[in-house]
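There are 2 protein chains.
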Amino acid sequence: MAKSNHVTLEDIAKKLGITKVTVSKSLRDHPDISTSTKEKVKEKADELGYRRNRLAQSLTLNKTNTIGVIVPKISHTFFSDTLEGINRVAYDNDYEIVLCVSEEKEEREKSHVDTLLSMQVDGLLISVSEETSSPEHLQEITNQGVPLVLFDRRIDGVDAACVTVDDQGGAYKATEHALDRGLTEIVHISGYSNVNIGKNRQAGYENALRDHGLTPDDEWIIEGGFGEADGYWGGVEMIERGINPDAIFAVTFPVALGVEDAIRRKKPSIRDSLQIYSFGQHELNRFFSNPHTSVHQPAKKIGSEAMSLLLKRMDDPDADILDVELPTHIVEVQEDALPPYLDDGS
Amino acid sequence: MAKSNHVTLEDIAKKLGITKVTVSKSLRDHPDISTSTKEKVKEKADELGYRRNRLAQSLTLNKTNTIGVIVPKISHTFFSDTLEGINRVAYDNDYEIVLCVSEEKEEREKSHVDTLLSMQVDGLLISVSEETSSPEHLQEITNQGVPLVLFDRRIDGVDAACVTVDDQGGAYKATEHALDRGLTEIVHISGYSNVNIGKNRQAGYENALRDHGLTPDDEWIIEGGFGEADGYWGGVEMIERGINPDAIFAVTFPVALGVEDAIRRKKPSIRDSLQIYSFGQHELNRFFSNPHTSVHQPAKKIGSEAMSLLLKRMDDPDADILDVELPTHIVEVQEDALPPYLDDGS
DNA sequence: GTGAAAGCGCTAACAT
DNA sequence: ATGTTAGCGCTTTCAC
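Order-wise, the sequence lines are chains A and B. Position 69 (the first sequence) corresponds to 61 in the numbering used here; numbering is contiguous. Position 253 (the second sequence) corresponds to 245 in the numbering used here; numbering is contiguous.
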């Protein structure tokens, strides 16, 4: 079991009494080379266990076939679903993914951008952290001539294509859904407004109220981040302030969970008389005792769409590529619904 | 907004009237260089927007600071949690992650191994696909002298360290938990036995039965894969065969979900009289109307442990590194439990 | 159809 | 303290 350390083109060439150029061309099926030598070369390469060094290849070609992906979190369905979408398209197009997680920290996001650029990725896919407030490090990417596509979360001031969902419309629909059912005391647990999803979802909520003759009350909008803990503390705050809604609209699914935890621990009495709405659903919602009504976010689609846009951009850096805004719809749990893995839609 | 295409060491050197070697050393704070030139160099580098080319660096150093990770699925909590653990340790140690997904296909797994090796990753972390039956492509990694650590799922015949959980013990405990509560009619929806988790969990189930004076019945062990759809079809099969258990022990959490779906659709009457046990839990179990009792798998820990082992291996390729088997325990849902994000244990 | 030369951007070893 | 040389493994001209 010899540790056959690194067979190179040169090695093959020597054994065959030819030069590495011929070997290189043979292995890439270059028309220059005769069929017979190609065969010999390939055979020898197999025999020696040759494997090309993509580092060297990338260095000469100035192309790595690699993209960088930065997400705020990884073990949250939305992002892992998105990643799945990204991965699918990347795989089909022979790109590898370098995965980075910002943990919702702007500093980490910046440093990851730097690392990925130094790795010479061919493009970047980023969903910004909830902290991110300045666009410079993102604009820098574009300035370097590296294609960038933002997805789901974005901030202003960056010259890059974005794939988002109709945040405002979705939030509007959710709020309206509640209002239509006579639920008028609707608290919104919101995200930070520096990020689109925070701002737009809140706007959708407020617009729906207004269009139904109600006035949004700042006291009923509790601001926080996009994670479970944020939802929890938002819920605690709501309870401590003595607010008693008949519906809660949470800016993300994790936030909704946090709110539920807060209610279960601090004021379980209101639990059953409260309808939870969340922006973003979860596959397991169908097993819940109090299922949410939610705004469906096509997470995989967001990912695949973002990757597709990026591919276009990488293909033609000057193509002007338009933002994509995917539609959303309201989903209520249906007892008899086909489980997702048996369904082929979406 | 000049597209300052690729400033190199040479560029900085020329502007400063020195050589690129000095520049290189300066930027890496090599003791050779005087403080004054270091400062000048760094200043100039900033000014020109220099960013080192890791491709070139890796090529010369023969080290990429990159590891490859191959998982069967991505949008399943267990794997995204594992990834989170891997990522945490990798980040702390300045390694980047190239992420690949096998989609439970042996072919894809093989091709990813090949790609990652050609990318010159410094190490590999793999959880094998449910299809994987031959160890050659994995042994090949080790033969190439590239450190490899398997996690959660493994197969025999590979010379690599593994991080697993106590599958057999966990399965035993789950089965015993049921037996202790008077549930003796226990169906096992099992995975494939070429992979450790399939084999060992089934063994744990059978041993528990035997130790309690019962004889495992092959009719009550329904074999499939590790995903939701597998669970669904397993459940359907169980129902069609007219089997009527009082508990079901599922080899994975997704499988348990599939079984539940099958029951909900095909025979909802038995739903409430049935206790579901699953190997592997889910954070959202606490919101379920019929919560599972589950074998807790420390997913993040598996990931961080695997990455730590890999680091050791990469540090000293000849260190013989022992497998790690993490303990499991049974968790039942507790109404008043602290939500995980407020907890600081494990 | 095959090969010689040059270079991608970097660093380590060895001068000076 | 700074520079010279050489090379990592590959591919792209451009000769022959």
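Virtual Cβ for every residue (Gly too), placed ideally from N, Cα, C.
(1) Identify which residue in SER121(A), GLN136(A), SER270(A) and GLN112(A) has its Cα closest to the Cα of GLY60(A).
(2) Check each candidate in LEU276(A), ASP106(A), ILE214(A) and SER18(A) and name the one with the smallest Cα separation from VAL33(A).
(3) Exposed or buried, what is VAL105(A) when buried is set at 16 or more other beta-carbons lying within 10 Å of its beta-carbon?
(4) Which word fits HIS204(B), buried or exposed, when buried means at least 16 other C-beta atoms lie within 10 angstroms of its C-beta?
(5) What does LEU116(B) reach in chain A if we use C-beta pairs closer than 9 Å?
(6) May I ask you to list, following chain order, the residues of the region 135 to 146 of chain B that have a beta carbon less than 9 Å from some beta carbon of chain A?
(7) Name, going along the chain, the residues of the region 187 to 201 of chain B whose beta-carbon falls closer than 7 Å to a beta-carbon of chain A.
(8) Output the distance between the C-alpha atoms of ASN199(B) and THR285(A), rounded to the nearest integer angstrom.
(9) Let's see if you can read the secondary structure: which residues bound the beta strand (DSSP E) around HIS321(A)?
(10) Quick check: the region 226 to 244 of chain A against the region 176 to 190 of chain A, are there 3 or more CB pairs under 8 Å?
(11) For chain A, find out if any of its Cβ atoms is closer than 7 Å to the Cβ of ALA48(B); answer yes or no.
(12) To the nearest angstrom, how far is it from the Cα of LEU130(B) to the Cα of MET299(B)?
(13) How would you list, in chain order, the residues of chain B whose beta-carbon sits under 7 Å from the beta-carbon of ASP253(A)?
(14) For MET(-7)(B) and GLU31(B), what's the separation of their Cα atoms in angstroms?
(15) Strictly under 7 Å for the Cβ-Cβ distance: is ALA221(B) near chain A by that measure?
(16) Can you name the start and end residues of the alpha helix (DSSP H) that VAL228(B) belongs to?
(17) Which residues, in chain order, does the region 276 to 290 of chain A contribute to contact with chain B at a C-beta distance below 8 Å?
(18) Taking Cβ-Cβ distances below 7 Å as the criterion, which residues of the region 76 to 105 of chain A are in contact with chain B?
(19) Using the Cβ count rule (16 or more neighbours within 10 Å means buried), how would you classify HIS22(B)?
(20) Shortest alpha-carbon distance to TRP212(A) belongs to which of PHE241(A), ASP222(A), LEU1(A) and ASP148(A)?
(21) Step through the CB atoms of chain B and report whether any lies within less than 7 Å of the CB of SER72(A).
(22) Below 8 Å, how does it come out for the region 261 to 270 of chain B and the region 69 to 83 of chain B: are there three or more Cβ pairs, yes or no?
(23) Jot down the residue ranges of each uninterrupted beta strand (DSSP E) in the region 225 to 311 of chain A, minimum 3 residues, whole runs only, in chain order.
(24) Which runs of the alpha helix (DSSP H) spanning at least 4 residues fall entirely within the region 62 to 90 of chain B, listed in chain order?
(25) Please classify ILE59(A): does DSSP put it in a helix, a strand, or coil?
(26) Please go through the same chain and pick out, in chain order, the residues whose beta-carbon is closer than 6 Å to the beta-carbon of ARG263(B), but skip the five residues on each side of it.
(27) Quick one: Cα of SER125(B) to Cα of THR134(A), how far?
(28) Suppose you measure from the CA of GLU275(A) to the CA of PHE218(B); what does that come to, to the nearest Å?
(29) Judging by CA-CA distance, which residue of ALA166(B), THR176(B), ARG145(B) and PRO208(B) is the nearest neighbour of GLU324(B)?
(30) Do VAL287(A) and VAL155(A) have their beta-carbon atoms positioned less than 7 Å apart in this structure?
(31) Could you tell me the alpha carbon to alpha carbon distance between ILE10(A) and ARG46(B), rounded to whole angstroms?
(32) At 9 Å on the CB atoms, spell out the chain B contacts of ARG173(A), in chain order.
(33) Checking contacts by CB at 7 Å: is GLN273(B) closer than that to chain A?
(34) Along the region 223 to 234 of chain B, where does the CB come closer than 7 Å to a CB of chain A? Name the residues.
(35) For ILE313(B), which of helix, strand or coil comes out of DSSP?
Reading it off the structure:
(1) Among SER121(A), GLN136(A), SER270(A) and GLN112(A), the Cα nearest to that of GLY60(A) is on GLN112(A).
(2) Per the Cα distances, SER18(A).
(3) Classification of VAL105(A): buried, given that the 10 Å Cβ count is 16 or more.
(4) Sixteen is the threshold: since fewer than 16 other Cβ atoms of the shown chains lie within 10 Å of the Cβ of HIS204(B), the residue is exposed.
(5) None at all; the shortest Cβ gap to chain A is about 14 Å.
(6) Residues of the region 135 to 146 of chain B with a Cβ closer than 9 Å to any Cβ of chain A, in chain order: ASN135, GLN136 and GLY137.
(7) Hits within the stretch: zero.
(8) THR285(A) has its alpha-carbon roughly 44 Å from the corresponding atom of ASN199(B).
(9) HIS321(A) -> beta strand (DSSP E) spans 321 to 323.
(10) Verdict: yes, contact present.
(11) Contact of ALA48(B) with chain A is assigned, a C-beta pair being separated by under 7 Å.
(12) Each residue's alpha carbon lies about 17 Å from the other.
(13) Within 7 Å Cβ-Cβ: PRO331.
(14) Model confidence at MET(-7)(B) stands at a pLDDT of 32, short of 50, so the residue's coordinates are unreliable and nothing is read from them.
(15) Taking Cβ atoms only, chain A reaches closer than 7 Å to ALA221(B), which makes this a yes.
(16) Start and end: 220 to 232.
(17) Those residues of the region 276 to 290 of chain A that come within reach of chain B (Cβ to Cβ, closer than 8 Å) are LEU276, PHE279, PHE280, SER281 and ASN282.
(18) Answer set for the region 76 to 105 of chain A: GLU76, ASN79, GLU88, ILE89, VAL90, LEU91 and VAL93.
(19) Burial call: exposed.
(20) Answer by Cα proximity: PHE241(A).
(21) Answer yes: the Cβ-Cβ gap between SER72(A) and chain B drops below 7 Å somewhere.
(22) With a cut-off of 8 Å, the region 69 to 83 of chain B and the region 261 to 270 of chain B do not count as touching, because too few Cβ pairs lie within range.
(23) 239 to 242, 267 to 271 and 285 to 288, all fully within the region 225 to 311 of chain A.
(24) With a minimum length of 4 residues, the continuous alpha helix (DSSP H) runs that stay inside the region 62 to 90 of chain B are 69 to 84.
(25) Residue state, collapsed to three classes: strand.
(26) Same-chain partners within the cutoff: ILE255.
(27) Taken atom to atom, the span from the alpha-carbon of SER125(B) to that of THR134(A) is near 45 Å.
(28) Distance between the alpha carbons of GLU275(A) and PHE218(B) is about 17 Å.
(29) Comparing C-alpha distances from GLU324(B) to each of ALA166(B), THR176(B), ARG145(B) and PRO208(B) shows the shortest one belongs to ALA166(B).
(30) Not in contact: VAL155(A) and VAL287(A) (Cβ atoms no closer than 7 Å).
(31) Between ILE10(A) and ARG46(B), the alpha-carbon positions lie close to 32 Å from each other.
(32) Correct list: empty, because the minimum Cβ distance to chain B is about 22 Å.
(33) Not closer than 7 Å to any Cβ of chain A, the Cβ of GLN273(B) fails to qualify, so no.
(34) So the close ones are TYR224.
(35) Correct three-state label for ILE313(B): coil.
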